[in-house]
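Everything on this sheet refers to the single structure shown next.
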Amino acid sequence: MITHSSERVNLLNIYLDNLSKKELLGRLGDGGMVVTPNVDHLMKLQRDPEFHQIYRQSDYVVCDSQVLFYASRLLGQPIQEKISGSDLFPAFYRYYKDDLDVTIFLLGGTPGSAHTAKRRINQKVGREMVVDVYCPPFGFENDAAENEKIVTLINRSQATVLAVGVGAPKQEKWIYKHKSQLPGVKTFLPIGATINFEAGFVPRSPRWISEVGLEWMYRLMSEPQRLWKRYLIEDLPFGWLMIQQLLNLYQYNLPIGQLLQEADLLTFEQVESILALQAQNRHRRFGELVVERGWLEPTTLDFFAEQFPQLNKKRTKQPLGEYLKAAALLNERQIHDILLEQNQYGKRFGEIAVHKGWVPQGTVSLLLGNMARAY
98 MITHSSERVN LLNIYLDNLS KKELLGRLGD GGMVVTPNVD HLMKLQRDPE
148 FHQIYRQSDY VVCDSQVLFY ASRLLGQPIQ EKISGSDLFP AFYRYYKDDL
198 DVTIFLLGGT PGSAHTAKRR INQKVGREMV VDVYCPPFGF ENDAAENEKI
248 VTLINRSQAT VLAVGVGAPK QEKWIYKHKS QLPGVKTFLP IGATINFEAG
298 FVPRSPRWIS EVGLEWMYRL MSEPQRLWKR YLIEDLPFGW LMIQQLLNLY
348 QYNLPIGQLL QEADLLTFEQ VESILALQAQ NRHRRFGELV VERGWLEPTT
398 LDFFAEQFPQ LNKKRTKQPL GEYLKAAALL NERQIHDILL EQNQYGKRFG
448 EIAVHKGWVP QGTVSLLLGN MARAY
């Protein structure tokens, strides 16, 4: 796993790596998955647990929006530089043009655009850097045979970089679902409309429009039928959410799967398997599937789904042991033994519970952190 930059910027519960483009390009020599949030992504992340999980597991999260760039300054957490996917991709292939180990597969674009983008990029860098392309049909992400074909094409190309331009969150979800089947690929770049930009099929906004934060308006005017709902309805609450964060009123309750993963009660693989099942059976609840597999007790699920989000709103707090008992993670006898040892040696309650192997460290840290935010 890539080590994130020490200084990260929190925007609506998404942590952005505060890197310059030059720093990021240098790091990508070691590979990794890059996601580039804009306003539309942040709004989707508020209501899509699977997309949010992908963001949290990505190696690099960098700012793709001048609006977010300004918002970070308003919040007192200034981002160094806007790094949009459409700027990062051409910067990437120019940066590594002389590194013969870096080869690219383009997945996405409109019919004809990927081949045109391949030809134009290879002309710019002076070698066959883009080794193959594929424009998948509509709905390909739900077609097992089509996905198997795409994986085979990418592996056969021996590309070390996969750039996917099929729109968010589809492109991020496809990468995340299939990257384990692509052992030769080191770097994963979800790049949206960039393939069409590179082909010259869709014009980019003038630089000055992008720099003042109005690229969204330019794109809306260019493709009103496709983009009006995104920009004029779905993204409209962004300003209000930023005001809430500025006033310390914004609250985002982690989806139950991510919460249990942070508490070290479920593994990443377990959460992923439940999300995959939910994608096939959307009427099944996450907790129901976890209990069905015997991974956690119903009482534990109920505590983290209902009581835990309320802890930071309560004026009075109970001892840590009472919360752990309410979550069915400790019983009365265990609490008694911990209190005896605490009185004898002066250690912290949570420290003893973790040392005895009764409660995961993640659970103790999560509960203590949420209790502290109440004061």
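Numbered according to our numbering, the sequence shown spans residues 98 to 472.
Note that the Cβ used here is the ideal one computed from N, Cα and C, for glycine as well.
Every value quoted in this text rests on a predicted model; they were computed, and no experiment measured them.
Helix, strand or coil, according to DSSP, for residue i in the structure here?
| i | result |
| --- | --- |
| P287 | strand |
| V106 | strand |
| A211 | helix |
| G123 | helix |
| D399 | helix |
| F235 | coil |
| Y347 | coil |
| G182 | helix |
| D229 | strand |
| V199 | coil |
| D145 | coil |
| V158 | strand |
| L362 | coil |
| L204 | strand |
| P321 | helix |
| M98 | Caution applies to M98, whose pLDDT of 44 falls short of 50 and renders its modelled position unreliable; the value that the coordinates give is listed next. Correct three-state label for M98: coil. |
| F294 | helix |
| W455 | coil |
| W392 | coil |
| L426 | coil |
| L463 | helix |
| I176 | coil |
| A376 | helix |
| D137 | helix |
| Y472 | Caution is warranted here: a pLDDT of 46 is assigned to Y472, below 50, making its placement in the model unreliable, and the coordinate value is therefore given only provisionally. Residue state, collapsed to three classes: coil. |
| Y193 | coil |
| S370 | helix |
| R327 | helix |
| L338 | helix |
| V299 | coil |
| L279 | coil |
Go ahead and label residue i buried or exposed: buried means 16 or more other beta carbons lie within 10 angstroms of its beta carbon, across all protein chains shown.
| i | result |
| --- | --- |
| W325 | exposed |
| S319 | exposed |
| N350 | exposed |
| R301 | buried |
| N135 | buried |
| G418 | buried |
| E308 | exposed |
| G264 | exposed |
| T284 | buried |
| P233 | buried |
| A424 | buried |
| V456 | buried |
| Q322 | exposed |
| T396 | exposed |
| T413 | exposed |
| R144 | exposed |
| Y442 | exposed |
| G173 | exposed |
| L346 | exposed |
Hey, could you find the ends of the beta strand (DSSP E) residue i is sitting in?
| i | result |
| --- | --- |
| A260 | 258-262 |
| L113 | 111-114 |
Which two residues bound the contiguous alpha helix (DSSP H) that contains residue i?
| i | result |
| --- | --- |
| Y167 | 163-171 |
| I435 | 429-442 |
| G129 | From DSSP, G129 is part of no alpha helix (DSSP H) but of the beta strand (DSSP E) over 129-132. |
| L250 | 241-254 |
| H275 | 267-275 |
| A423 | 417-423 |
| H452 | 446-452 |
| S307 | 304-308 |
| E383 | The sequence shown places Phe at residue 383, rather than the Glu named in the question. Where F383 is concerned, the enclosing alpha helix (DSSP H) stretches over 383-389. |
Between residue i and residue j, how many whole angstroms is the CB-CB distance? I'm expecting something under 8 angstroms.
| i | j | result |
| --- | --- | --- |
| F446 | M140 | Incorrect: roughly 40 angstroms between the Cβ atoms, too far for contact. |
| S169 | L116 | At roughly 13 angstroms, the Cβ-Cβ gap does not stay under 8 angstroms, so S169 and L116 are not in contact. |
| A256 | V228 | 5 angstroms |
| L89 | F401 | What the structure shows of the chain is the stretch from 98 to 472, and residue 89 is not part of that stretch, so it cannot be assessed. |
| S162 | V132 | Between V132 and S162 the Cβ distance is about 13 angstroms, and since that is not below 8 angstroms, they are no contact. |
| Q355 | R153 | 7 angstroms |
| K215 | E238 | The Cβ separation is near 22 angstroms, so there is no contact. |
| G262 | I292 | 4 angstroms |
| L398 | G384 | 4 angstroms |
| I180 | L121 | 6 angstroms |
| Q150 | L372 | 7 angstroms |
Just checking residue i against the ligand COA - is the residue's beta carbon closer than 6 angstroms to any of the ligand's heavy atoms?
| i | result |
| --- | --- |
| T133 | For the ligand COA, the structure offers nothing, since it holds no ligand at all. |
For chain E, is any of its Cβ atoms less than 7 angstroms away from the one on residue i?
| i | result |
| --- | --- |
| R170 | Included in the structure is just one protein chain, with no chain E present. |
Legend entry - Touch test, the region 245-254 against the region 267-284, Cβ-Cβ under 8 angstroms, three pairs minimum: yes
Inset, instruction - Take every Cβ of the region 217-226, pair it with every Cβ of the region 187-199, and state whether three or more of those distances are shorter than 8 angstroms. - result: yes
Inset, instruction - State whether the region 360-379 contacts the region 338-350, with contact taken as three or more CB pairs (one from each stretch) at a distance under 8 angstroms. - result: no
Inset, instruction - Decide if the region 383-393 is in contact with the region 361-368; the criterion is three or more beta carbon pairs, one per stretch, under 8 angstroms apart. - result: yes
Inset, instruction - Check whether the region 160-175 touches the region 192-212, counting contact only when three or more Cβ pairs, one atom from each stretch, lie closer than 8 angstroms. - result: no
Inset, instruction - Determine, using beta-carbon pairs with one atom in the region 289-301 and one in the region 196-216, whether at least three such pairs fall under 8 angstroms. - result: yes
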